[in-house]
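S.K.: What follows is a single structure, and I will ask about it in a moment.
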Amino acid sequence: MEDLNDFLLKAYTIRCTEETLLDLYRKGKLFGTTHTCVGQEFSALAVANALNDEDVIFSNHRCHGHYIAKTNDIEGLLAEIMGKSNGICGGIGGSQHLCGRNFFSNGVQGGIAPVAAGMALGQKLDGKDTITVVCIGDGTLGQGVVYETMNMASKWALPLLIVLEDNGYSQSTSQHETLSGSIAGRASAFGIKVFEGNTWEYEKLIADMKRASDHVRKECEPVFFRVLTYRLRAHSKGDDHRDINEIRDYEEKDPLNIFLNEYKDDEAIKEKLRQAADRIKNAVEKAEQSEFAGLNAARTAFPDLSSLKRAAKSGDTQLKAINKALSDGLKEDSRIILLGEDIRMPYGGAFKVTKGLSDDFPGRVLNTPISEAGIVGIGNGLALAGYKPVIEIMFGDFITLSFDQLVNHAAKFRHMYNDQVSVPLIVRTPMGAGRGYGPTHSQSLEKHIVGVPGLNIYILHHRVDIARFYSELFKNIKDPSVIIENKVLYAVKGDREATDEFEVYETDEAYPTTVVKSDGEPDVTICAFGRMALLAEEAAEVLYRDEEILVELIFPLSVSPLNISAVFDSVKKTRKLIVVEEGTSFFNLGAEVIARINEEWDDAGAFISRRVSPGEIPIPCSGPMEKECLPSKETIIDCCKEIFSV
Numbered sequence: 000m001e002d003l004n005d006f007l008l009k010a011y012t013i014r015c016t017e018e019t020l021l022d023l024y025r026k027g028k029l030f031g032t033t034h035t036c037v038g039q040e041f042s043a044l045a046v047a048n049a050l051n052d053e054d055v056i057f058s059n060h061r062c063h064g065h066y067i068a069k070t071n072d073i074e075g076l077l078a079e080i081m082g083k084s085n086g087i088c089g090g091i092g093g094s095q096h097l098c099g100r101n102f103f104s105n106g107v108q109g110g111i112a113p114v115a116a117g118m119a120l121g122q123k124l125d126g127k128d129t130i131t132v133v134c135i136g137d138g139t140l141g142q143g144v145v146y147e148t149m150n151m152a153s154k155w156a157l158p159l160l161i162v163l164e165d166n167g168y169s170q171s172t173s174q175h176e177t178l179s180g181s182i183a184g185r186a187s188a189f190g191i192k193v194f195e196g197n198t199w200e201y202e203k204l205i206a207d208m209k210r211a212s213d214h215v216r217k218e219c220e221p222v223f224f225r226v227l228t229y230r231l232r233a234h235s236k237g238d239d240h241r242d243i244n245e246i247r248d249y250e251e252k253d254p255l256n257i258f259l260n261e262y263k264d265d266e267a268i269k270e271k272l273r274q275a276a277d278r279i280k281n282a283v284e285k286a287e288q289s290e291f292a293g294l295n296a297a298r299t300a301f302p303d304l305s306s307l308k309r310a311a312k313s314g315d316t317q318l319k320a321i322n323k324a325l326s327d328g329l330k331e332d333s334r335i336i337l338l339g340e341d342i343r344m345p346y347g348g349a350f351k352v353t354k355g356l357s358d359d360f361p362g363r364v365l366n367t368p369i370s371e372a373g374i375v376g377i378g379n380g381l382a383l384a385g386y387k388p389v390i391e392i393m394f395g396d397f398i399t400l401s402f403d404q405l406v407n408h409a410a411k412f413r414h415m416y417n418d419q420v421s422v423p424l425i426v427r428t429p430m431g432a433g434r435g436y437g438p439t440h441s442q443s444l445e446k447h448i449v450g451v452p453g454l455n456i457y458i459l460h461h462r463v464d465i466a467r468f469y470s471e472l473f474k475n476i477k478d479p480s481v482i483i484e485n486k487v488l489y490a491v492k493g494d495r496e497a498t499d500e501f502e503v504y505e506t507d508e509a510y511p512t513t514v515v516k517s518d519g520e521p522d523v524t525i526c527a528f529g530r531m532a533l534l535a536e537e538a539a540e541v542l543y544r545d546e547e548i549l550v551e552l553i554f555p556l557s558v559s560p561l562n563i564s565a566v567f568d569s570v571k572k573t574r575k576l577i578v579v580e581e582g583t584s585f586f587n588l589g590a591e592v593i594a595r596i597n598e599e600w601d602d603a604g605a606f607i608s609r610r611v612s613p614g615e616i617p618i619p620c621s622g623p624m625e626k627e628c629l630p631s632k633e634t635i636i637d638c639c640k641e642i643f644s645v
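Each residue of the sequence shown is one higher than the last, beginning at 0 in numbering that gives the first Met the number 0.
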C-alpha cells in the first residue's frame, strides 16, 4: 500500500479540483451544474487503489473523484466540464458523463448498475482476470433496477464490486425519510457478501476495499461494500438545506482537514500541496485558452433512390427465417450472445423464435429473470465490452420497462462519449394485435422510441429478406437497434407472389424500402408499416381488379432513421398519399411521413393525405371489438376510394 501521506495528498488534489470547479461555477465558467465529492475523497481513492489498470469503473453524477483517482487526468476532466474541445469527451459529456481509461459515468440514478453488470459478464465470458466496480449512492437504493442487477449478478456469479457511498442524503432529503430496513440486508438477501467501512478510518477502508476487490477477482462473484461518508458541500452547487452545525461537526472530523491542520507548518508537505494546486491552476488556464467544442450533428444523408432492383424471396415463414438468421449469426460471430425470458429450450421463447438455439450454442443463449430494464442494461454493458448482445423482450408492450436503458444509456453512449465507444446492442420484440391478447399485450408502441437520437428502429414487414437483414446488421452494427416484429407475421411466408399486375422491388440500401408497383401510372400512394403492409398489398389487388385504381405501395424497413425518398418520388406522381400503421393515430409515424414530404415539397398544397390507424383506445381483448378497432383491408380500400375521388 502507498504511504498514507501520498493518499492524503491525492485526496487534497481531488478536493482542490472540486473546490476549483465550484469557484469556476460562481464565475460563470461552467455549464449546467456540478456535483462535488468534497468529504468523500477517500472512498474514491480506496476503490482506485484496489484495482488494476484493466479493471473498469462505472460511476454516477458525483463522479469526479472516482475519475481522478482512477486516471489522474485532471487536465482532461477540467477541460471537459468547462465544455472545451480538448476535454475527455470533447465537451459533450460535461460533468456527469465521462468516459476514458476504462471509466464510464452517467447521471441517471441506478441505470449504470445493470450496465456495469453487463461489462462484468463480458469480462467473465472473456476469461479475463479483471473486475468491474459500480459506484452508487444510498439514494439510488430507491431504484428497482439496482435489485434486478443484484439478482442477476449473484445468480450468474459476476465479477462485480458494488460500492455504495452512504452519505445519508438523497439530494437534500435525509435517509431517515426515505429508506426502510437494512442497507446491508438488501445485498445479503441476494446472497452477496457485504463489507462495510467509512472514510474517517481511511487506512482501514483502503485495506478492506482491497480485500473486497481481491475476493471478487479470486472467487468471481459479486461483493457489496457500504462506505459510510459525508459530503461537506451541497448536493449540487449551493442547494444545501442541511443543519450548518451538522456540517461543521463533520468538517472537524474530516481526515483531510485534520491532516492539513497538522502539517500546516511542514515545508515539504506545503510544497507538495502547492504543486498540486499549481497543476490544477495550469489545467484551468490551458482549458480557458482552448476552443469550445463544436457541434457536428448533421441531418442524415440518404442515398438517391432513382434506381430499384427486384426484391429477393424466401420460402420460410418469418418465424423460421428469424430463427435461422439468429443461428447463422451465432455460427459466424462468437461475440453474439442471446438473452431473454424463457428463450432456452425446452420453451424456446414465447413465440418459439429461439427454438433449438440453446441446444446448438450452449452458454450463448441465456435465460434471464423477468427484468426488462435489467436485461437491456446487461446488454448495454456487454455491448460496451465488445459483444453483440441480442435481447428478446417477450411482448413489445414490456419495452416500456426498459425505456431508461434505451433512451438514457444505449442511445446516448456513443455521442456523449464523443465516439470513443460503440454500442452494438440489438433488442428484438413482437408487437401488434390480432391475437386477442388484449390491452397490455397487443400494442404497437414504436412511436414512443422513433426519433430518439442514436437509436435505430426497424419494423419488419412481410417482404423483408430476413436473412440479408440480420446478416447486414450483425456485420455492421455500431449503434443500438430495436427490431419490431409482428406476432401475426410470424406465420406468413416470404415467398408470397404479387399478382400479374404488380412487381416487387426494393431500394439499393443496407436496410431497403420495398416498392410494389405496376408499369402503369399510379393513382394513389400507400405507405404502410409492419403487418399493415400485407393488408395494404391485399387492398391494392382488390382496388386494381374491382375499381381500376392503381396503387403504388411503399414499405419502409428502417423507420429511425427514416428515408422518405421512395414515398416522395411516388407522391410526386400520384399527389395522393395514404399512410397505414397499427400504432394509434395521435403523433404517429404517418404524421411524420406527411410532415417530411411537406418540408421537401415547395409546392404548398401539392398533395392530399390520409392516415389509417387505430383510434385512441386500448386494444380490446374481445375478438369482434379488436377487429373493429384495427385497420383492415376493407378500411384501406374505403380510404383509397375516398381519396381517389377527391
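Every residue, glycine too, gets a C-beta built ideally from N, C-alpha and C.
According to the Cβ coordinates, are I456 and V463 closer than 8 Å?
M.R.: Not a contact, by the Cβ cut-off of 8 Å.
S.K.: Nearest to A594 by alpha carbon, out of G614, L561, T573?
M.R.: For the residues G614, L561, T573, the minimum Cα distance to A594 belongs to L561.
S.K.: For P617, count neighbouring C-beta atoms within 10 Å of its own C-beta (all shown protein chains included) and say buried if the count is 16 or more, exposed if not.
M.R.: Per the 10 Å Cβ criterion, exposed.
S.K.: Exposed or buried, what is E547 when buried is set at 16 or more other beta-carbons lying within 10 Å of its beta-carbon?
M.R.: Exposed, by the Cβ-count rule.
S.K.: If you draw a straight line from the alpha carbon of M0 to that of D327, how long is it in whole angstroms?
M.R.: Any reading at M0 is ruled out, since the residue's pLDDT is 48, under 50, leaving its predicted position unreliable.
S.K.: Residues in its own chain within less than 8 Å of R232 by CB, not counting five upstream and five downstream?
M.R.: The answer, listed in chain order, is E17, L21, T35, V37, G38, D239.
S.K.: Please classify H460 as buried or exposed, where buried requires at least 16 neighbouring CB atoms within 10 angstroms.
M.R.: That one is buried.
S.K.: DSSP puts V132 in a beta bridge; with which residues?
M.R.: I56, L160.
S.K.: First and last residue of the alpha helix (DSSP H) that includes K319?
M.R.: Its alpha helix (DSSP H) spans residues 317-331.
S.K.: Assuming D137 and Q174 make a contact with CB atoms under 8 Å, what is their CB distance in whole Å?
M.R.: Indeed they touch by this definition, with Cβ atoms about 6 Å apart.
S.K.: Mapping the DSSP letters down to three states, classify N166 as helix, strand or coil.
M.R.: Coil, per DSSP.
S.K.: Does the segment 385-400 come close enough to the segment 420-427 that 3 or more CB-CB pairs lie under 8 Å?
M.R.: Flag = yes, the segment 420-427 and the segment 385-400 touch.
S.K.: So, does the segment 549-556 touch the segment 502-519, judging by three or more C-beta pairs under 8 Å?
M.R.: Touching, yes, given that three or more Cβ pairs across the two stretches are closer than 8 Å.
S.K.: Less than 8 Å between the CB atoms is what I'm expecting for I458 and V558, so what's the real figure, rounded?
M.R.: With a Cβ gap of about 5 Å, I458 and V558 count as contacting.
S.K.: Nearest to F397 by CA position, among I483, P452, N407, is which residue?
M.R.: Here the closest residue by C-alpha is I483.
S.K.: I need the straight-line Cα distance from L3 to H96, nearest angstrom please.
M.R.: Each residue's alpha carbon lies about 31 Å from the other.
S.K.: Can you tell me where the alpha helix (DSSP H) holding I257 begins and where it ends?
M.R.: I257 -> alpha helix (DSSP H) spans 254-261.
S.K.: Is D253 buried or exposed, if buried means 16 or more other CB atoms sit within 10 Å of its CB?
M.R.: Buried, by the Cβ-count rule.
S.K.: Run the CB neighbour count on F586, radius 10 Å, all protein chains shown included, and call it buried at 16 or more, exposed below.
M.R.: F586 should be labelled exposed.
S.K.: Could you compute how far the alpha carbon of G194 sits from the alpha carbon of I135?
M.R.: Reading the sequence as shown, one finds Phe at residue 194 and not Gly. Each residue's Cα considered, the two are about 15 Å apart.
S.K.: What are the partner residues of S104, as DSSP defines its beta bridges?
M.R.: Per DSSP, S58.
S.K.: Indicate whether L415 and I87 have their beta-carbon atoms separated by less than 8 Å.
M.R.: Here residue 415 is Met; the residue named in the question, Leu, does not match the sequence. No, these two residues do not count as a Cβ contact at 8 Å.
S.K.: F30 by DSSP, collapsed to three states: which one?
M.R.: In this structure, F30 counts as coil in the three-state DSSP scheme.
S.K.: Looking only at its own chain, which residues have a Cβ that is under 8 Å from the Cβ of G293, when we skip the five neighbours before and after it?
M.R.: Result list for G293: S84, in chain order.
S.K.: Quick check on I525: does DSSP put it in helix, strand or coil?
M.R.: Strand.
S.K.: Can you tell which of P630, G75, I246, S169 has its C-alpha closest to the C-alpha of I279?
M.R.: I279 has its Cα closest to that of G75, out of P630, G75, I246, S169.
S.K.: Measuring CA to CA, which of S401, L356, F350, Q288 is closest to I369?
M.R.: Per the Cα distances, S401.
S.K.: Leaving out five residues before and five after S313 in sequence, what residues of the same chain have Cβ atoms less than 8 Å from its Cβ?
M.R.: Excluding positions up to five away in sequence, the list reads A320, D464, I465, A466, K492, G493, D494.
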